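There are 2 protein chains.
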Amino acid sequence: MTRYAAAVTPPSYHHGDLRRTILAAAVGAIAETGPAGWSLRELARRAGVSHAAPAHHFGDKTGLLTAVAAEGYTLFAEALEGAGTDLHDVGLAYVRFAVDHRGYFEVMFRPDLHRADDPELTAARDRADGVLMRGVRDVRDFAPGGPGDERTAAIAAWSIVHGFADLWLSGALPADLGGDPVAAARPVIGLLFTR
Amino acid sequence: MTRYAAAVTPPSYHHGDLRRTILAAAVGAIAETGPAGWSLRELARRAGVSHAAPAHHFGDKTGLLTAVAAEGYTLFAEALEGAGTDLHDVGLAYVRFAVDHRGYFEVMFRPDLHRADDPELTAARDRADGVLMRGVRDVRDFAPGGPGDERTAAIAAWSIVHGFADLWLSGALPADLGGDPVAAARPVIGLLFTR
DNA sequence: GGGCAATCTTGCCAATGACAAGATTGTGCT
DNA sequence: AGCACAATCTTGTCATTGGCAAGATTGCCC
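So the sequence lines, in the order shown, correspond to chains A and B.
Take the first sequence: its letters are residues 0 to 194, numbered as in numbering that gives the first Met the number 0.
Take the second sequence: its letters are residues 0 to 194, numbered as in numbering that gives the first Met the number 0.
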């Protein structure tokens, strides 16, 4: 006969969409205060359920973060695929995703936070990796010396966009770059391509 | 009349070098299990002191991480300065530092873990930033269009080495790159310079 | 409509970070 | 030498947390 605190929907024993609610709350919390700035119990309170409810869907905290990373890689692959075939555009989409979906991005590249061998996660990650590598292969300018240079070029492109995104998110870049990270990244990434 | 567990030195009420001991233990723990894979009490136990002893030197956990970041930026500036004036070498020193001093590096670029406005920290960070920017200015190839392009080039160089280091540390890069990250980074970074 | 699995709850425990108050020791001043 | 005082470290305590166990409630399928 206990009542629930949040109650957008009428109170019932079964939440209905707890897994998604907790997942979304986690992503939001990570984006705001980092991967360590919240607690499982806090998310449960915010969702209007008991402190042990999330455990049924995710096991433990690492399980929740694994689910965040897996969904993150799926959205990531979709975002990169949607950017077209031009590597420059894919790179900008990379930066855009990191900034717009910070809550996912901050977990995806941190194997100490999630279970990196999770099947669902590895599948989504392999898909995203495939988009990245395919994008590079489509640019011939990058392979002057054979297949070995092709991978070097892929890693260079990956590094520069990943580095820019990470530096932007950490606030390390100069403030006068403006408020639009994608616009700021454009000439930076361009430096890798123009010769 | 209590005795101490660790006791490399004969037990005494005053540890003698607790601040340094805890700091070093924290850096080691972060390198091994990440910024969240340990506890203040665990470090205190390992140092052979009571659970509240570290608080006197660092205040709270954030204070300890702030000290780690500050010392990290100091070592970082020294490492970059020691690499000479060639931007390529500075970039490799950047990667080398990230890998060799992972415990520092993982905290330095994570403002949600430390107090980014700490005076000692900002001073050390400004010094490291100065080395980076100075290194870029010394390379004229990067400024074909005026002072604006110079900063773009600096950010590009910074992004590619930072991105490579972060991807390497996260284990995201292909395994067949070999075990030496600096050697693997050399041709990647080189792609930014050769035209 | 009855069994059954999924979902969620309450209750509990050890560990943690933070704080308060007290004990011990080194240091400087007279 | 002796004494006040500050620095350092300890014990004790508390709220919060993650995780586990056991039980309650509900939806679903035969």
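Each residue gets a CB set at the ideal place from its N, CA and C atoms; glycine is no exception.
Bear in mind that the values here come from a model prediction, so they are computed numbers and not experimental data.
Notebook entry, point to check: Alpha carbon to alpha carbon, what distance is there between A/SER11 and B/ARG101?
Noted result: 48 Å
Checklist line | Under 7 Å (Cβ pairs) to chain B, residues found in the segment 163 to 179 of chain A | finding: Correct list: PHE163, ASP165, LEU166, SER169, GLY170, ALA171, LEU172.
Notebook entry, point to check: How would you call A/THR32, buried or exposed, if buried means at least 16 neighbouring beta carbons within 10 angstroms?
Noted result: It is exposed - the Cβ of A/THR32 has fewer than 16 other Cβ atoms within 10 Å.
Notebook entry, point to check: Residue range of the alpha helix (DSSP H) that A/ASP125 falls in?
Noted result: Secondary structure note for A/ASP125: its alpha helix (DSSP H) is the uninterrupted segment 118 to 136.
Check: Per the contact definition of three or more C-beta pairs closer than 8 Å, is the segment 53 to 64 of chain B in contact with the segment 120 to 137 of chain B?
Finding: Fewer than three Cβ pairs drawn from the segment 120 to 137 of chain B and the segment 53 to 64 of chain B lie within less than 8 Å of each other, which leaves the two stretches out of contact.
Margin query: At 4 residues or longer, what runs of the alpha helix (DSSP H) sit wholly inside the segment 75 to 107 of chain A?
Written below: 86 to 99, 101 to 107
Checklist line | Which listed residue (A/LEU191, A/ALA184, A/ILE188, A/GLY189) has its alpha carbon closest to that of A/VAL98 | finding: A/ALA184
Margin query: For a test of the three-state rule: what should DSSP assign to A/ASP111, helix, strand or coil?
Written below: Note: A/ASP111 maps to coil in three-state DSSP.
Check: Within the 9 Å Cβ cut-off, does B/TRP37 reach chain A?
Finding: Cβ-Cβ to chain A under 9 Å: no for B/TRP37.
Next item on the list: Return the CA-CA distance between B/MET132 and A/GLU77, expressed in angstroms with no decimal places.
Entry: 36 Å
Check: Which same chain residues, not among the five before or five after B/ASP88, have their C-beta less than 6 Å away from its C-beta?
Finding: So the qualifying residues of the chain are ALA82.
Margin query: Determine whether the beta carbon atoms of B/LEU176 and A/ILE154 lie at a separation below 9 Å.
Written below: Result yes, Cβ atoms of B/LEU176 and A/ILE154 sit closer than 9 Å.
Next item on the list: Could you say which of A/HIS50, A/ARG150, A/ALA127, A/LEU172 lies nearest to A/GLU80 if we only look at CA atoms?
Entry: A/ALA127
Check: In or out: B/GLU105 buried (at least 16 other Cβ within 10 Å) or exposed?
Finding: It counts as buried.
Next item on the list: For chain B, find out if any of its Cβ atoms is closer than 9 Å to the Cβ of A/GLY33; answer yes or no.
Entry: Cβ-Cβ to chain B under 9 Å: yes for A/GLY33.
Item checked: A/ARG150 at chain B interface by Cβ criterion, 9 Å -> yes
Margin query: When you compare the CB of A/VAL160 with every CB in chain B, is at least one pair closer than 9 Å?
Written below: yes
Next item on the list: Identify whether A/THR193 lies in helix, strand or coil by the three-state DSSP scheme.
Entry: coil
Next item on the list: Alpha carbon to alpha carbon, how far is A/ARG40 from B/LEU191? Give it in angstroms, no decimals.
Entry: 47 Å
Next item on the list: Have a look at B/ARG18 and B/PRO53 and give me their C-alpha separation to the nearest angstrom.
Entry: For the pair B/ARG18 and B/PRO53, the Cα-to-Cα distance works out to about 7 Å.
Note to self: Looking at the secondary structure, which residues open and close the alpha helix (DSSP H) in which A/PRO34 lies?
What the structure shows: No alpha helix (DSSP H) contains A/PRO34, which DSSP labels as neither H nor E.
Item checked: Within 9 Å, strictly: CB atoms of B/ALA164 and B/PRO180 -> A contact, by the Cβ cut-off of 9 Å.
Margin query: Assuming the contact rule is C-beta atoms closer than 8 Å, B/MET107 and B/GLY162 should be a hit. Round their C-beta distance to whole Å, please.
Written below: Taking the Cβ atoms as the reference, B/MET107 lies roughly 15 Å from B/GLY162, outside the contact range of under 8 Å.
Notebook entry, point to check: Rounded to a whole number of angstroms, what is the C-alpha to C-alpha distance between A/ALA28 and B/GLY90?
Noted result: 34 Å
Next item on the list: For B/GLY134, count neighbouring Cβ atoms within 10 angstroms of its own Cβ and tell me buried if that reaches 16, exposed if not.
Entry: buried
Next item on the list: Report the rounded CA-to-CA distance for A/ALA209 versus B/ASP148, giving the unit in angstroms.
Entry: This structure does not reach residue 209 of chain A, given that chain A is present from 0 up to 194, and the question cannot be answered.
Check: Which residues, taken in chain order from the segment 82 to 116 of chain B, show a beta carbon closer than 8 Å to some beta carbon of chain A?
Finding: PHE108, ARG109, PRO110, ASP111, LEU112, ALA115
Checklist line | Selected residue, minimal CA-CA separation from A/LEU64, among A/LEU168, A/ASP111, A/ARG95, A/VAL130 | finding: A/ASP111
Check: Under a Cβ-count criterion, where at least 16 other Cβ atoms within 10 Å of its own Cβ denotes burial, should A/THR151 be classed as buried or exposed?
Finding: buried
Notebook entry, point to check: What's the C-alpha gap between A/VAL48 and B/ALA92?
Noted result: 50 Å
Next item on the list: Pick helix, strand or coil for A/ALA4, following the three-state DSSP scheme.
Entry: Residue confidence for A/ALA4 is low, a pLDDT of 37 falling below 50, so the modelled location carries little weight and cannot support an answer.
Margin query: Quick check on A/THR193: buried or exposed, where buried means 16 or more other Cβ atoms within 10 Å of its Cβ?
Written below: exposed
Notebook entry, point to check: CB B/ALA115 to CB A/GLY170, shorter than 9 Å?
Noted result: yes
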